[in-house]
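A quick write-up on the structure given underneath.
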Amino acid sequence: SETSSNDCSIWDSSSDLSPKKNGSGLGIFLKSSAMKTDAKNSFSFPCNGLIFLTLSRYLLYDVNPPEGFNLRRDVYIRVASLIKTLLKSEAWVLVLPPWGRLYHWQSPDIHQVRIPWSEFFDLPSLNKNIPVIEYEQFLAESGGPFIDQVYVLQSYAEGWKEGTWEEKIDERPCIDHLMYSKDKHEYYRGWFWGYEETRGLNVSCLSVQGSASIIAPVLLKNTSARSVMLDRAENLLHDHYGGRDYWNTRRSMVFAKHLRVVGDEFRRKYLHSTDEADRTDYNEDWTQMKVKLGTAVGGPYLGVHLRRKDFIWGHREDVPSLHGAVKKIRSLMEKHKLKRVFIATDAIVEETEELKKLLPEMVRFEPTWEELELYKDGGIAIIDQWICAHARYFTGTSVSTFSFRIHEEREILGFDPKTTYNRFCGEKERNCEQPTHWKIVY
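In structure tokens form, the structure reads like this:
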């Protein structure tokens, strides 16, 4: 149960959760609050009685290639929930899928593939929620670039009848053309996050309809594979969207320190914004951070996420024109008595030039080529989000996952929801519904 005080899924923050190498070079699991050492080679799970220590199993995953950085962060939360379910029965480690080849990362001449999670997130923080390792560590531990079992997740070919939703999972023939092909040794080649030497030993398709933990029985009972990859993991739904479990995982996704430092320095230098003045003190240990909503004040600037590019034609009704956006920004600055506006946008050069003319007080984080090469497009997105998250008032773009992630960050920092859950309206939009407030749960 999510509210159980004896929660098996929350890891002891003092324990080192990375699998350690024993003599054979294979990973073994160290203790957490979910596993108490009873004897030299056994662990007890408070939820399940005594379990003998075995070598940990590895869960890997990937997402449909067109999906962007911010939706992928949401998929991580779903998979983390599955790991917590698995940990009630066996020792599992989540292998973090290297970043790369994302549609929105269009900066030319910059190598953006095989990027480890530590470039963007703080790994010790992730490890306080569930055990995770980078893909390179998995390669070193598992004895080679092989994944024992790949499951491609898909929907049901027959769809589902209106009003008869049920959670189910079945091994089925693959519906789409398989993105894996056999080599001369009968191993499967595929994208595998840009690691050309990686091979899958078995590939099969699972039709799935339901939340992430529905796949747990398959992993625990139907396969003995030590390493299992779930491809197209976005087909799994959240176990408890917006619940305590969800927020624990979301809070653990602390941005890498070097990116936060860059964002904080930019705030100080160009926006007269510091944590002390803004009442946005940050605890490096997320498990110790619990801020009452309405405590944070934010810096003396308006934070804006203005999504353009494919949103202009993809969401035409609820996305404003450039002039419409500027008009709204002006009225918000006036209302909240703010002299500066920080804008995070994917607008093309011509549009940003137009914005500068219409809004001379606009401030943007514009990286040099060296900074772009160092932080990459994902790092720049995080810096933008971090600065928006510290604004006195924020307004975003309708149904944008970039804006959603800023909402969550502001919720963690303790802002009044009225200053967070806001969006632009399209000029022709009749009913401009504002974003839902998903209250943080501790």
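Okay, so the sequence shown: first residue is 33 according to the numbering used here, each after it adds one. In this text, a Cβ means the ideal position worked out from N, Cα and C, and glycines have one as well.
Going by C-alpha distance, which of Y183, I162, V145 and E443 is nearest Y314? Of the candidates Y183, I162, V145 and E443, the one whose C-alpha sits nearest the C-alpha of Y314 is E443.
Tell me whether the stretch 399-418 and the stretch 308-326 touch, counting them as touching only if at least three CB pairs, one residue from each stretch, are closer than 8 Å. no
How is M67 classed by DSSP in three states: helix, strand or coil? Only weak support exists for where M67 lies, its pLDDT of 43 falling under 50; the value from the coordinates is given anyway. Here M67 sits in strand by DSSP.
Alpha carbon of L92 to alpha carbon of S256, nearest angstrom: 15 Å
Output the distance between the C-alpha atoms of L445 and G410, rounded to the nearest integer angstrom. 21 Å
Quick check on DSSP: helix, strand or coil for Q241? strand
For a cutoff of 8 Å on Cβ pairs, would you count N161 as touching chain B? Among the chains of the structure shown, chain B does not appear; only one protein chain is present.
E441, DSSP secondary structure in three states: helix
Which of the three DSSP states, helix, strand or coil, is assigned to K471? Three-state DSSP puts K471 in coil, outside helix and strand.
Please state if the CB of V336 and the CB of A376 are separated by a distance shorter than 8 Å. In this structure, the beta-carbon distance from A376 to V336 falls below 8 Å.
Run through DSSP, which three-state label would K253 get? helix
So what does DSSP say about P156, is it helix, strand or coil? In the three-state reduction of the DSSP assignment, P156 falls in the helix class.
Using 8 Å as the Cβ pair cut-off and three pairs as the minimum, do the stretch 146-157 and the stretch 236-248 touch? no
Using only CA atoms, which one of V127, V381 and M285 lies nearest to E316? Measuring from the Cα of E316, the nearest candidate turns out to be M285.
DSSP on A16, reduced to helix/strand/coil? The first residue shown for the chain is 33 and the last is 474, placing residue 16 beyond what the model contains.
DSSP three-state call for Q186: helix, strand or coil? strand
Candidates R424, K359 and K341, of which the one nearest E383 by Cα: Closest by alpha carbon: K341.
In the DSSP assignment, what residue or residues form a beta bridge with W124? R89
Over the uninterrupted alpha helix (DSSP H) stretch that includes D310, give me the two end residues. Taken as a continuous stretch (DSSP letters only), the alpha helix (DSSP H) holding D310 covers D307 to D310.
At a cut of 8 Å, does the stretch 261-276 reach the stretch 293-303 through at least three beta carbon pairs? Short answer: they don't touch.
4-residue-minimum alpha helix (DSSP H) runs that sit fully inside the stretch 393-432, ordered along the chain: 401-421
Locate the alpha helix (DSSP H) running through R110, then write down its first and last residues. F101 to L119
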